[in-house]
Amino acid sequence: MPMKTSTRFAKAAILNLFTALVLCVLCEWLALYVFHTAELPAGQSWVWPLFFINFVFAWCVATIIGMVPSLPEKSVKWAMKHAKPSDGAKFGALVNVPINTVYAVILCYLVGTLDACVLGGAPLIASVFGFLQNIIPVWVVCYIVTFILQGPIENLARKLTNDPAPQMA
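Next up, the structure:
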């Protein structure tokens with residue numbers, strides 16, 4: 464639905480707090496406990512400094528992605544090929560597929576590159592392998608989170624920016 468730029472920013476900023484949080488928790492957990500591609504400092508069960516760097520970075524990148532005005536419109540057009548807005552949750556689920564794919568691909572690759580190559584000193588190929596390991600779980604978890612939270616957060620953003628939702632015909 465059409466919205467003011469301030470509403471789109473508020474929605475992106477708030478929704479991406481959750482997206483970045485889920486992405487960073489999942490990726491750190493996968494690296495530490497599933498794929499064993501990261502090492503824990505002695506006596507610790509989590510790498511908090513790395514987590515916070517990743518979270519801030521992921522939130523900034525995700526919020527920038529959320530400000531791309533053509534992404535929602537193209538997603539709606541794509542979903543319209545497979546369902547109608549009157550289909551409710553089915554249509555919403557389809558709209559979320561391309562949006563989530565863009566977010567997941569960009570965030571998974573950039574956060575992995577930041578961790579492995581920039582902060583970890585690994586060769587660039589490490590970011591490719593990290594991406595391939597993480598993309599499916601990242602896509603699934605981020606899809607679920609954004610599908611559940613998108614509507615309530617859009618309503619909150621509209622209230623915060625005094626931007627009423629357009630009336631459905």
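Residue numbers 464 to 632, in the working numbering, belong to the letters of the sequence shown in order. By construction, the Cβ of each residue, glycine as well, lies at the ideal position given by its N, Cα and C atoms.
query = How many Å lie between T470 and T564 at the Cα?
reply = The residue labelled residue 470 in the question sits at position 7 within the sequence shown. The residue labelled residue 564 in the question sits at position 101 within the sequence shown. Roughly 22 Å between the two C-alpha positions.
request  = Could you spell out the range, first to last residue, of the alpha helix (DSSP H) harbouring S549?
outcome  = In the sequence shown, residue 549 corresponds to position 86, counting from 1. Unbroken run through S549: none, as it is neither H nor E.
message = Quick check on this structure: which residue in M466, K622, K544 and A521 has the alpha carbon closest to the alpha carbon of L577?
response = The residue you call residue 577 lines up with position 114 of the sequence shown. Shortest Cα-Cα distance from L577 to any of M466, K622, K544 and A521 involves A521.
ask   = Distance, Cα to Cα, T526 vs A476?
value = On the sequence shown, position 63 is the one that residue 526 refers to. On the sequence shown, position 13 is the one that residue 476 refers to. Their Cα atoms are separated by approximately 5 Å.
query = Span of the alpha helix (DSSP H) holding N618?
reply = Translated into positions along the sequence shown, residue 618 becomes position 155. Segment I588 to L623, the alpha helix (DSSP H) holding N618.
ask   = Hey, would you say V524 sits closer than 8 Å to L573, going by beta carbons?
value = As a first step, residue 524 must be located in the sequence shown, where it is residue number 61. As a first step, residue 573 must be located in the sequence shown, where it is residue number 110. Yes, the pair counts as a contact, with Cβ atoms nearer than the cut-off.
query = For K474, which option in P627, A585, V603 and E617 has the closest C-alpha, if you only look at C-alpha atoms?
reply = The residue given as residue 474 occupies position 11 in the sequence shown. The shortest Cα separation from K474 among P627, A585, V603 and E617 belongs to E617.
key: Chain-order list of residues whose beta-carbon lies under 8 Å from that of L484 (same chain, five-residue window excluded)   = Position 21 of the sequence shown holds residue 484. F518.
task = Could you tell me whether the segment 609-625 touches the segment 551-568, using the rule of 3 or more Cβ pairs below 8 Å?
result = yes
ask   = Can at least three beta-carbon pairs, one atom from the segment 500-519 and one from the segment 577-590, be found at a separation below 8 Å?
value = yes
message = Just verifying my parser: in three-state terms, what is the DSSP assignment at T500?
response = Walking along the sequence shown from the start, residue 500 turns up at place 37. It is coil, neither helix nor strand.
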